[in-house]
Amino acid sequence: MEKVSVFWFRRDLRLEDNRGLQEALLGPFPVLPVFIFDDNILDELEVNDPRVTFIYDRLSYLTQAMEQRSGDEGTGLGKLYCKKGTPREVWIALLEQFSIGAVYANEDYEPYAIVRDSEIEKILAQKGVPFHLFKDQVIFARDQVVKKDGTPYTLFTPYKNAWVRKYAEQYAGSLQDPPQTLLQGRLHLPQQEPLPVRFFGVSYPFPSLAELGFK
Numbered sequence: 360m361e362k363v364s365v366f367w368f369r370r371d372l373r374l375e376d377n378r379g380l381q382e383a384l385l386g387p388f389p390v391l392p393v394f395i396f397d398d399n400i401l402d403e404l405e406v407n408d409p410r411v412t413f414i415y416d417r418l419s420y421l422t423q424a425m426e427q428r429s430g431d432e433g434t435g436l437g438k439l440y441c442k443k444g445t446p447r448e449v450w451i452a453l454l455e456q457f458s459i460g461a462v463y464a465n466e467d468y469e470p471y472a473i474v475r476d477s478e479i480e481k482i483l484a485q486k487g488v489p490f491h492l493f494k495d496q497v498i499f500a501r502d503q504v505v506k507k508d509g510t511p512y513t514l515f516t517p518y519k520n521a522w523v524r525k526y527a528e529q530y531a532g533s534l535q536d537p538p539q540t541l542l543q544g545r546l547h548l549p550q551q552e553p554l555p556v557r558f559f560g561v562s563y564p565f566p567s568l569a570e571l572g573f574k
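The sequence shown begins at 360 in the working numbering and counts up one residue at a time.
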């Protein structure tokens, strides 16, 4: 069985400017992109919840974009592997179904996500599969801007001042705008090179909303 890397989409439903996906595509194995419709979250929602529709539409777009990049456009199949269930159930099944060499994802700082990722990391470790997490949705990770004693700030203004100082120290000259313009919504990033197309060479039918239990 061909070994694959898995990129686990969560809050980061985009192909460009996606640190974890970029690292996965640059890794040693072809990439199987996975999204889990998490029953721990979805079971509390109505069948016509607009948040589910938004996520579904975005996943549909990602599937079409990956079809285009992989030469599968018009087949009705996509490289994105979508499953519904609890993350624990889905990952146990994935480890049985695929020969997984590594798992990549972007860090998520929500309380539920921290517990979830810790549980999945243990499941993967039992199979000898490394779980690589990357800072993606923020400029500084949660433990990078803290007080001198290592504890988090509890007031915004001291945190903001420390954040701006740290940014000036670490990123001065890397962007076109000075640090204070970040607070005004102007951030210019260098042009990214296109990601290599190294998705796993098997396509999967994209489920309908009805198949997922929604409208």
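C-beta: ideal position from N, C-alpha, C; glycine also.
Please read all numbers here as calculations on a predicted model, not as lab measurements.
Check	Outcome
Straight-line Cα distance separating Y563 from A461	20 Å
Where Y518 falls: helix, strand or coil (DSSP)	helix
Beta strand (DSSP E) segment containing V406, residue limits	No beta strand (DSSP E) contains V406, which DSSP labels as neither H nor E.
Touching by the beta-carbon criterion (3+ pairs, under 8 Å), the region 414–428 and the region 376–390	no
Collapsed DSSP secondary structure at N342 in the structure displayed	A query on residue 342 cannot be resolved here, the shown segment of the chain reaching from 360 to 574 and no further.
Close-in-space but distant-in-sequence residues of the same chain around L542 (CB under 6 Å, 5 per side omitted)	Caution is warranted here: a pLDDT of 44 is assigned to L542, below 50, making its placement in the model unreliable, and no coordinate value can be reported.
Range of the contiguous beta strand (DSSP E) that encloses V365	K362 to F368
Q456 versus N520 - alpha carbon distance	49 Å
Per DSSP, the bridge partner or partners of F396	K443
V497, buried or exposed, once every other Cβ within 10 Å from all chains shown has been counted against 16	exposed
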